[in-house]
Amino acid sequence: MPPVLRAPLVVEFPFTRSLGPVQSAFLTGLRERTVLGVRTVDGRVLVPPVEYDPVTADEIRDLVEVGATGTVTTWAWNEHPRPRQPLATPFAWVLVRLDGADTSLLHVLDAPGPDAVRTGMRVRVRWARERTGAITDIACFEPYAGEPAGPPHPHSGSFPEPVTGIVAPARLDYTCTPGRAQSRHLAALDGRRTVGERCPSCRKVYVPPRGACPTCGVATDEQVEVGPRGTVTTFCIVNIKAKGLDIEVPYVYAHIALDGAGLALHGRIGGIPYDEVRMGLRVEPVWREGSRHPDHYRPSGEPDADYDTYKELL
Amino acid sequence: MPAEPVAVVGIGQTKHVAARRDVSIAGLVREAARRALDDAELSWADIDAVVIGKAPDFFEGVMMPELYLADALGAVGKPMLRVHTAGSVGGSTALVAANLVAARVHATVLTLAFEKQSESNAMWGLSLPVPFQQPLLAGAGGFFAPHVRAYMRRTGAPATVGSLVAYKDRRNALKNPYAHLHEHDITLAKVQASPMLWDPIRYSETCPSSDGACAMVLTGRAGAARSPRPPAWVHGGAMRSEPTMFAGKDFVSPQAGKDCAADVYRQAGVSDPRREIDAVEMYVPFSWYEPMWLENLGFAADGEGWKLTESGVTELDGDLPVNPSGGVLSTNPIGASGMIRFAEAALQVRGQAGEHQVDGARKALGHAYGGGAQFFAMWLVGAEPPTT
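Those protein sequence lines, which keep their order, are chains A and B.
With our numbering, the residue at position 272 of the first sequence is 272, and numbering never jumps.
With our numbering, the residue at position 89 of the second sequence is 89, and numbering never jumps.
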């Protein structure tokens with residue numbers, strides 16, 4: 001049994017978001033040190049504002065400015081801040097009902113320790129020095145002993161040079177373990193052999209193996225070496241460069257049924273002009289130092305396979 | 001107790017475009033939902049449940065649309081659920097909604113599907129590198145082009161068939177005000193001269209990347225009786241799936257697609273789809289999938305689908321118009337594309353398709369597929385209520 005393999009898998013993308021009129025006003029307001037809420041049909045003030053009334057579903061657009069001071073309605077102490085959280089030192093997650101608002105905003109409170117935090121305490125916004133139109137324009141909240149702000153007052157939501165979109169980077173960190181079947185397959189590849197698994201029920205050979213037959217629903221275990229030669233069952237000629245791929249175009253991307261395999265795998269065809277590749281072409285793998293999988297496949301020199309021998313593998 | 005007959009009484013779409021930077025995702029779905037309610041002359045209070053679908057999460061980074069969009073869709077205090085089936089999701093979302101009405105769980109259901117492709121990159125979402133696996137080397141069309149070549153080899157179809165489909169669908173789109181691509185100067189010569197991206201697929205034979213949403217209001221007999229405009233009646237609906245890759249899979253004509261169509265025809269009492277169905281909205285992301293699906297869906301014998309296309313049968317004024325709306329080739333907000341097919345089929349039998357109306361359409365098929373031909377969803381709608 002080969003050792004269990006592990007590798008990190010990071011899924012990361014900077015998604016963009018068009019804000020629409022309400023979120024645009026809210027985030028632009030933060031840039032201008034102005035906190036905006038929206039008035040619902042029943043007269044409550046929601047902060048942050050939303051576009052549609054949560055009770056009646058009406059479109060709501062009556063923006064109001066609320067205070068930059070407020071009251072902590074509940075909290076939780078965070079002793080170990082993680083990367084990219086608002087503060088690098090221990091802090092409290094807080095829900096703050098800003099003066100003039102009927103709902104609470106989630107943010108963080110800069111406090112020396114949990115003993116310094118309590119529900120009902122008064123706080124105010126500490127503005128970030130550089131503001132771009134993002135929730136992080138509020139650097140955090142801090143304790144505040146002054147007067148409360150007055151009632152909310154109407155606001156047009158208009159500012160010069162409004163922020164209309166944001167980038168919302170998302171990142172997921174996984175640890176990937178390929179499992180028993182694939183680990184055996186990978187170990188064989190290290191010795192430049194391609195090994196699949198045969199289904200005990202339908203007798204088809206899966207390459208790469210998945211540990212189970214997807215049609216019969218039974219575990220596969222019998223190891224079967226396939227190839228190394230195979231047949232091009234079908235292909236396309238790629239004429240545009242795919243992002244992040246360092247392959248000169250045009251090149252041929254083919255489905256290759258290795259001898260003995262029950263289905264085709266995908267690979268690049270080299271060692272032959274791209275416009276001479278054809279269905280039925282017999283090929284063999286070309287390995288490259290430092291790469292686990294074949295770099296590409298090249299003609300083996302055998303006569304083309306007859307269509308009837310691979311038409312079920314298209 | 002027999003199932004409640006299901007009627008489509010409201011349909012709404014956004015004008016599909018490359019990027020809707022003026023609205024949030026909430027604003028986008030709201031626009032389609034509002035239009036569907038207006039079409040049905042109903043208000044938010046008339047809706048009993050909401051069923052929503054979208055493309056896979058990575059496609060735009062929205063993980064829980066059922067949570068995020070509840071306000072915008074008037075779902076607060078009502079059941080709301082989400083359906084996931086990759087590119088076919090718009091179709092399966094409509095079917096889940098229809099089943100809720102048929103089972104009398106809810107009287108009137110709002111169903112909606114959307115995507116803002118401009119806020120992410122679908123190609124990235126489809127090609128996340130997985131450790132220990134051999135990376136795929138071909139880009140979006142590289143997955144489909146080898147299957148097209150296999151179809152050509154199997155049937156002997158002439159190389160021009162794909163361009164005929166693209167030319168037809170882009171001209172049909174000119175008659176559809178909601179379609180994304182409006183190529184007023186399109187000619188067959190231009191399609192045939194467009195760059196070959198993934199030989200045998202040319203640039204003009206590929207779908208665009210769109211922002212858009214589509215919504216429908218589904219209801220039973222009582223709701224249909226109050227409908228201000230003629231409803232479309234659901235005569236049959238089915239979903240099937242099979243693995244994306246398995247030994248013996250027929251990529252050109254997947255068994256799950258055949259089985260799904262057969263189930264729909266059986267429910268609808270259709271024995272000869274070619275004669276009995278008046279219009280088809282099928283999911284054709286690359287032009288060659290029209291002849292392929294014509295065979296898969298039973299409109300042509302194996303190997304004969306391209307002959308229907310080549311002889312003009314699938315043109316808007318042909319005997320079996322396919323994608324009178326311009327299809328996915330003209331409009332592709334992936335998460336919504338399946339529902340647009342279903343909605344366009346309903347528009348046809350309601351006589352509400354405007355300039356792209358097929359004269360006298362009484363029965364129409366809506367078809368969606370996705371996940372590398374893993375998921376299939378279809379419905380057949382008619383101008384008359386079902387008899388059984």
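Backbone N, C-alpha and C define an ideal beta-carbon position, used for all residues, glycine too.
Neighbourhood of residue i by C-beta distance below 8 Å, restricted to the same chain and skipping five residues each side
i, result
"B/Lys183", "Residue identity check: residue 183 of chain B is Glu in the sequence provided, not Lys. Correct list, in chain order: Arg170, Ala173 and Leu174."
"B/Glu276", "Val270 and Lys363"
"B/Ala268", "His235, Gly236, Lys363, Leu380, Gly382 and Pro386"
"B/Val101", "Glu4, Val6, Ala107, Thr108, Val109, Leu218, Thr219 and Gly220"
"B/Leu28", "Thr14, Arg20, Phe114, Lys116, Asp211, Gly212 and Ala213"
"B/Ser163", "Leu188, Val191, Gln192, Arg202, Ser204, Glu205 and Ser287"
"A/Thr136", "Pro86 and Ala128"
DSSP three-state assignment for residue i, whether helix, strand or coil
i, result
"A/Trp127", "strand"
"A/Pro169", "strand"
"A/Gly100", "coil"
"B/Phe59", "helix"
"A/Gly37", "strand"
"A/Thr177", "coil"
"B/Lys78", "coil"
"A/Cys140", "strand"
"B/Ser253", "coil"
"A/Asn78", "strand"
"B/Val148", "helix"
"A/Cys216", "coil"
"B/Trp198", "strand"
"B/Ser24", "coil"
"B/Trp233", "strand"
Cβ-Cβ separation, residue j to residue i (assumed contact under 8 Å), whole Å
i, j, result
"B/Ala18", "B/Ser118", "6 Å"
"A/Leu109", "A/Ala92", "4 Å"
"A/Val207", "A/Leu281", "Between A/Leu281 and A/Val207 the Cβ distance is about 19 Å, and since that is not below 8 Å, they are no contact."
"B/Gly53", "B/Val83", "5 Å"
"A/Leu265", "B/Val130", "15 Å between Cβ atoms; not a contact."
Residue burial classification, residue i (beta-carbon count within 10 angstroms, cutoff 16)
i, result
"A/His80", "exposed"
"A/Ser158", "exposed"
"A/Leu98", "buried"
"A/Val38", "buried"
"A/Val167", "exposed"
"A/Gly324", "No answer is possible for residue 324 of chain A: it lies beyond the span of chain A, which begins at 1 and ends at 314."
"B/Thr111", "buried"
"A/Gln23", "buried"
"B/Asp272", "exposed"
"A/Val72", "buried"
"B/Ala45", "exposed"
"A/Pro83", "exposed"
"A/Lys241", "exposed"
"B/Asp359", "exposed"
"A/Val4", "exposed"
"A/Leu263", "buried"
"B/Gln133", "exposed"
Rounded separation between residue i and residue j - CA only
i, j, result
"A/Ser156", "A/Leu36", "10 Å"
"B/Arg341", "A/Tyr274", "38 Å"
"B/Met123", "A/Pro228", "32 Å"
"A/Tyr310", "A/Glu284", "16 Å"
"B/Pro285", "B/Pro146", "14 Å"
"A/Thr16", "A/Arg31", "19 Å"
"A/Trp75", "B/Ala256", "53 Å"
"B/Ser241", "A/Ala305", "32 Å"
"A/Glu248", "A/His255", "19 Å"
"B/Ala97", "B/Gly371", "21 Å"
"B/Lys232", "B/Ala215", "For the sequence presented, residue 232 of chain B should be read as Ala rather than Lys. Going from the Cα of B/Ala232 to the Cα of B/Ala215 covers about 14 Å."
"A/Gly267", "A/Asp246", "15 Å"
"B/Tyr68", "B/Ile25", "9 Å"
"B/Met196", "B/Ser127", "22 Å"
"B/Met63", "B/Leu329", "27 Å"
"B/Met339", "B/Ser88", "8 Å"
"B/Ser337", "B/Phe375", "14 Å"
Beta-carbon proximity list for residue i, same chain, < 7 Å, skipping 5 on both sides
i, result
"A/Arg210", "Ala181"
"A/Pro152", "Gly37, Val45, Val64, Glu65, Val66 and Gly100"
"A/Leu287", "According to the sequence displayed, residue 287 of chain A carries Trp and not Leu. Closer than 7 Å at the Cβ level, and outside the excluded window around A/Trp287, lie Arg192, Pro294 and Asp295."
"A/Arg124", "Ala68, Thr69, Phe141, Glu142 and Tyr144"
Cutoff 6 Å; reference residue i; Cβ partners in own chain excluding five residues on either side
i, result
"B/Lys78", "Ala49"
"B/Ala300", "Leu294 and Leu308"
Min CB distance residue i to chain E below 8 Å
i, result
"A/Ala7", "As a matter of chain content, chain E is missing from the structure shown, whose protein chains are A and B."
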